[in-house]
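Working notes for the structure below.
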């Protein structure tokens, strides 16, 4: 808000000063070089309009001018003028442009000079303001004056003086092709008298309009001095690489001004002025020269080199993007449920070792009713079938192997359980896949036999299973033994009897009702560079220990294998969080890992309390 008010106040002061100066008496000011206040390409324009410097590039320019009154006049070259301009754009805070200006004018009788600092800023895209503050000096050569009165006080107080001098400028650009500019000199009306008389320089207004036609520009304007209003017009042609040339005319003379870039940031200029007033044809006029060093042209232009005719065609190597990771691992599902049962047994002291040995898996809580209605498949690596046994007789198991319950789509025939019972069971939806796996195992092991324990209601299905394996995989029927029990397999648990060691019977035991079904693991190669490279699938626990690894070699297609949720020691994983990824080695031998994914093993546990006694005792009679 404060900045906006200051800007409006400064702009108002500029306008008031310009209109006030235009209404005042005009006189000649200290500016002996023709300059259009709206010319952005001429750094001398800042000497009459300080605001234009904010639109110009950085440069330093110096020049001189010689006036001559005729061809044969002995004092033709005694009137000289010079100038120096420095412009440094947008180097101060608030993007202020700073500059330094100096002029001098020398005659046989007196000299004029000035030194001024200029500050300007582009306050908006259309408006630019500027101010110049400096000193104006005048000195006289007392030896050139012959005083009739020796007490004349004109030169008694000295022959020179320095006075402060203030300039103001404003530039307005309503369109991209139009620039309006105005400047006010001697705004503070400095007193140039050597004595106490008030002889002041009145303000001088210089105004101009520029209309751009591309490289060509048209300038018009004028100056209000003490006696009259002078007019000026010019046409300028500019080229960024060569320079510019300008032809102008005013009320008194025809002017020619030019600038030529000679090498990099260096440029030279020349100007000529010929009078068209009463001095026309007398040989009067002026010549001027200038030297420019432009800061923004320091960068050397790009040199264009012709391609030789015998050049070899350039064939750049095809860009390669290394994709990381090169392998991605995905599981069918990232969660698994592990169902367990904790059995707490209360064994009566009245039972001796003989009675304990007669207990069945059902009596000890090692079996469950979850497989009722489905046939049970036992291989002879777990059980021995007594051909003479009749329904109701017991089947003796060998060793410490027991019954393992298998969930859907898990068809491994290897004993991985560490409990006393291992029982294979399947559901209807997994028959075909299970039977094929079973058939391959029997075909590879001709000496192995399979016992099918089934209720009478499922006998037909058991016989069809034997026929299917015999017809499709050519498995002899002699490798199958079918045992029919009077009721459901679990309810007829007397058909399965372990050999118990009474000393190993524990009061508390945790058994697993069913191993989780296996999960399908897919390994995807990302790009062709990963084909036929070895990889390793890794599963880590929450402590970062590798519990399972699987190795393979990539192909042009995804690879799949089944993981049964067992670790490298063939033990089912515990509940908790795990992470898995793929690792491989690149061409330099560095091991790279894909982004890890998380899986979760959840344990569903139930507690069963069993009281084992010679006779039934209600709970309240304990």
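Numbering (this note's numbering), first residue to last: 22 to 643.
Think of the CB as a built atom: it goes at the ideal place given N, C-alpha and C, for glycine as much as any other residue.
The structure displayed is predicted, hence computed values, not measured ones.
In the structure shown, residue 192 falls within a strand segment according to DSSP collapsed to helix, strand and coil. Counting along the chain, residue 377 sits inside the alpha helix (DSSP H) bounded by residues 374-378. In this structure, DSSP gives residue 244 an extended state, which the three-state scheme calls strand.
DSSP places residue 470 in the coil class of the three-state scheme, outside both helix and strand. Using a 10 angstroms sphere on the CB of residue 559, the tally of other CB atoms reaches 16 or more, which defines it as buried. When 460, 483, 501 are compared, the shortest CA-CA separation from residue 494 is found for 460. Residue burial is scored here from C-beta neighbours: residue 354 has fewer than 16 other C-beta atoms within 10 angstroms and is therefore classed as exposed.
Here residue 212 is bridged, per DSSP, to 221. Look at residue 239 here: in three-state DSSP terms it is strand. When secondary structure is reduced to three states using DSSP, residue 101 falls in the strand class. By the neighbour-count criterion, in which 16 or more other beta carbons inside 10 Å mark a residue as buried, residue 531 falls on the exposed side.
Setting aside the 5 residues that flank it on each side, residue 635 is surrounded in the same chain by 369, 371, 372, 376, each with a C-beta closer than 8 Å to its C-beta; the list follows chain order. Using a 10 angstroms sphere on the CB of residue 196, the tally of other CB atoms stays under 16, which defines it as exposed. In this chain, the beta strand (DSSP E) harbouring residue 362 covers 356-368. In this structure, DSSP gives residue 227 an extended state, which the three-state scheme calls strand. Taking each of 245, 110, 501 in turn and checking the Cα distance to residue 466, the smallest one comes out for 501.
With 16 or more other Cβ atoms from the protein chains shown falling within 10 Å of its own Cβ, residue 149 counts as buried.
For residue 109, same chain residues with a beta-carbon under 6 Å away, outside a window of 5 residues either side, are 79, 119 in chain order. The beta carbons of residue 312 and residue 84 sit closer together than 8 Å. The distance from the Cβ of residue 251 to that of residue 266 is about 23 Å, inconsistent with a contact at the 8 Å cut-off. When rounded, the separation of the alpha-carbon atoms in residue 316 and residue 615 is 55 Å. As the crow flies, the alpha-carbon of residue 579 is around 49 Å from that of residue 526. Distance between residue 143 and residue 282, taken at the CA atoms: about 28 Å. Taking a contact as a CB-CB distance under 8 Å, the pair residue 240 and residue 60 counts as one, their CB atoms being some 6 Å apart. In the DSSP annotation of this structure, the continuous segment of the beta strand (DSSP E) that includes residue 153 starts and ends at 148-161. Assignment of residue 594 by DSSP, reduced to helix, strand and coil, places it in the coil class. Counting of Cβ neighbours within 10 angstroms places residue 576 among the exposed residues, the total staying below 16. Separation of residue 271 and residue 234 (C-alpha to C-alpha, rounded to the nearest whole angstrom) is 22 Å.
Beyond the five residues adjoining it in sequence on each side, residue 273 comes within less than 7 Å, by CB distance, of 296, 297, 298 in the same chain, given in chain order. The residues 258, in chain order, have a CB closer than 6 Å to that of residue 237 in the same chain once the five nearest residues on each side in sequence are set aside. At a Cβ-Cβ threshold of 8 Å, residue 133 and residue 126 count as neighbours.
Annotated three-state conformation of residue 86 is strand, per DSSP. Collapsing the DSSP output to three states places residue 279 in a strand. DSSP links residue 271 through a beta bridge to 253. Taking C-beta separations shorter than 8 Å and ignoring five residues to either side along the sequence, residue 218 has no partners in its chain. Excluding five sequence positions before and after residue 498, the CB atoms of its chain that fall closer than 7 Å to its own CB belong to 487, 491, given in chain order.
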